[in-house]
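Asks:
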Amino acid sequence: MPPIAKRRKLSDLTVGDTTELLYKLEELCSNLDEGDEDLPAGLIDKLQELRDKLEDVKYTSFSKVDPMTLLSLKISSGPLFLISDKRREVLGLAETPGCLPIDTTRFLISLVRGHVATVTEAGCRILINMLLLRVVSVMCLGDMTVNIIPEFPLPRTTFKRDSGKCSFSGVVDFLVTKLPARYTDYLMGDPTTALGNSGYIGGPTTSNIFEAKRDNVRAALPQAAVAAASYCQLQGLFAVRGVVTSGEQWVFFVYERHTDGTGLVQSSPEYTLGQNLEGLALILGLLRDSIDNATSSDHTFFTTT
């Protein structure tokens, strides 16, 4: 019987040992089906974590991202300017058969404001839900539908920067997904598996990233931008739109991934619902436009100059 090899710490591995182990890990991961229900929970993430350690990849959760992170990833920032045009308000107030009426939406918002404490993100999300439900109800027409996926996890995604590799992962507060209606049950039954294997969805499938923030919503933009960059890389996209919001304040953004590895995030000013909901129609219209054009960097209601 051959002698049992002495166990070693990762820090004791030689360069050759590390290279061989990374090769074996890569081979193992490529042969695993992430949608396999027999896989132990969290196995894929643990294998990725081990691979990151071997490659000396620095890990950061989305919640720890700050403006300096964007600079290190060579993600530049720019403004979006609202075009003087009333079409977005018209779009926001448009009614379709079976939708949540605008008057009912106003009533529900007033109800939340009067009876829900919004000093926590959990309270803010109830208000956010009212606006999202209104938009979703208007947009579910014919063969296409829109669904809200709370707490959507994004697996570790690795980026290269001058100081070495780094990886990010975390949970997106809301993913709003538009897809053919016949796939609704498939998506809602297991959103992570469905969107992780979107090639099995026959027809256009797009998603928007929503980040909830109790106050100072613009401070969460770097976090949302890195989540968007990760989502683009995972899905093979070159653009994705998103929103950072407290329910009362709303910032719209678009992230663009460039072929040279750099990126660009452009964001709007803060728009407020207002005490008398005077900003509601504008926000609803911009939400609908953002969801309809989730993977486009061409703007209908904004200009960059």
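Note that the UniProt record's numbering numbers the sequence shown so that position 189 is 189, with each residue one more than the last. Backbone N, C-alpha and C define an ideal beta-carbon position, used for all residues, glycine too.
Is the beta carbon of Thr303 less than 7 Å from the beta carbon of Phe81?
Replies: Result yes, Cβ atoms of Thr303 and Phe81 sit closer than 7 Å.
Asks: Check Ala194 in the structure and name its three-state DSSP category.
Replies: The answer is helix: DSSP assigns Ala194 an H, G or I state.
Asks: With H, G and I counted as helix, E and B as strand and the rest as coil, what does DSSP make of Ser76?
Replies: In this structure, Ser76 counts as strand in the three-state DSSP scheme.
Asks: Are the beta-carbon atoms of residue 306 and Leu280 separated by less than 7 Å?
Replies: In this structure the chain extends from 1 to 305, so residue 306 is not present and cannot be described.
Asks: Does Thr206 pass the burial test, meaning 16 or more other C-beta atoms within 10 Å, or should it be called exposed?
Replies: Burial call: buried.
Asks: Rounded to whole angstroms, what's the CA-CA distance from Leu156 to Asp45? Just pull it up for me.
Replies: Strictly speaking, residue 156 in this sequence is Arg, with Leu absent from that position. Computed Cα separation, rounded: 7 Å.
Asks: Taking 7 Å as the limit between beta carbons, can you name the residues of its chain near Tyr183, skipping five residues before and five after?
Replies: Taken in chain order, the residues that qualify are Ile201.
Asks: Report the three-state DSSP secondary structure of Met1 (helix, strand or coil).
Replies: In this predicted model, Met1 has a pLDDT of only 48, less than 50, meaning its place in the structure is not dependable; the value taken from the coordinates is given anyway. In this structure, Met1 counts as coil in the three-state DSSP scheme.
Asks: What do you get for Phe174, buried or exposed, if any count of 16 or more other CB atoms within 10 angstroms of its CB means buried?
Replies: Classification of Phe174: buried, given that the 10 Å Cβ count is 16 or more.
Asks: Touch check for the segment 239-257 and the segment 127-147: three-plus C-beta pairs under 8 Å?
Replies: They touch, by the three-pair rule.
Asks: What are the start and end residues of each continuous beta strand (DSSP E) run of 3 or more residues lying completely inside the segment 145-229, in chain order?
Replies: Listed in chain order, they are 164-180 and 206-212.
Asks: Span of the beta strand (DSSP E) holding Gly263?
Replies: Gly263 -> beta strand (DSSP E) spans Gly263 to Ser267.
Asks: What does a CB cutoff of less than 7 Å around Asp143 pick up in its chain, not counting 5 residues either side in sequence?
Replies: Excluding sequence neighbours, Asp143 sits near Pro180 and Ala181.
Asks: From this set, Leu277, Val243 and Ala239, which residue's C-alpha is nearest Glu256's C-alpha?
Replies: Taking only the C-alpha atoms, the option nearest Glu256 is Ala239.
Asks: Run through DSSP, which three-state label would residue 387 get?
Replies: Residue 387 cannot be examined here, being either before or after the span of the chain that is shown, 1 to 305.
Asks: If we call anything under 7 Å between Cβ atoms a contact, is Gly254 one with Gln266?
Replies: The question names Gly, yet the displayed sequence has Val at residue 254. Yes; because the gap between Cβ atoms is below 7 Å, this pair is in contact.
Asks: From Glu211 to Leu47, what does the alpha carbon distance come to, in whole angstroms?
Replies: The alpha-carbon atoms of Glu211 and Leu47 are separated by roughly 28 Å.
Asks: Please list, in chain order, all residues of the same chain as Met1 whose beta carbon is under 7 Å from its beta carbon, the five residues on each side excluded.
Replies: In this prediction, Met1 scores a pLDDT of 48, lower than 50, which makes its location untrustworthy; the coordinate-derived value is nonetheless stated afterwards. Result list for Met1: empty, nothing under 7 Å.
Asks: To the nearest angstrom, how far is it from the Cα of Lys24 to the Cα of Cys232?
Replies: Going by the C-alpha atoms only, they are around 27 Å apart.
Asks: When the Cα of Asn76 is compared with those of Ser110, Gly261, Gly199 and His299, which residue comes out closest?
Replies: At residue 76 the sequence reads Ser, which differs from the Asn that was named. Of the candidates Ser110, Gly261, Gly199 and His299, the one whose C-alpha sits nearest the C-alpha of Ser76 is Gly261.
Asks: Residues in the same chain with beta-carbon distance under 6 Å from Gly92, minus the five sequence neighbours each way, listed in chain order, please.
Replies: Hits under 6 Å: Ala281, Leu284 and Gly285.
Asks: Please determine, among Ala194, Arg218, Lys178 and Glu49, the residue with the shortest C-alpha to C-alpha distance to Asn208.
Replies: The shortest C-alpha separation from Asn208 is found at Lys178.
Asks: If we ignore side chains and look at the alpha-carbon of each, how far apart do Ser198 and Asp103 end up?
Replies: Distance between the alpha carbons of Ser198 and Asp103 is about 37 Å.
Asks: Quick one: what does DSSP say Thr104 is sitting in, helix, strand or coil?
Replies: Residue state, collapsed to three classes: helix.
Asks: Leaving out five residues on either side along the sequence, give the residues of the same chain with a beta carbon under 8 Å from the beta carbon of Ile109.
Replies: Cβ within range, chain order: Leu127, Met130, Leu131, Leu273, Leu277 and Leu280.
Asks: Using 10 angstroms around the beta-carbon of Ser290, count the other beta-carbons present and answer buried if the total reaches 16, otherwise exposed.
Replies: Classification of Ser290: buried, given that the 10 Å Cβ count is 16 or more.
Asks: In the DSSP assignment, find the beta strand (DSSP E) that holds Ser290 and state where it starts and stops.
Replies: Per DSSP, Ser290 belongs to no beta strand (DSSP E); it is in the alpha helix (DSSP H), Leu280 to Asp292.
Asks: Once the 5 residues before and after Thr60 are set aside, which same chain residues still bring their CB inside 6 Å of it?
Replies: Cβ within range, chain order: Phe168.
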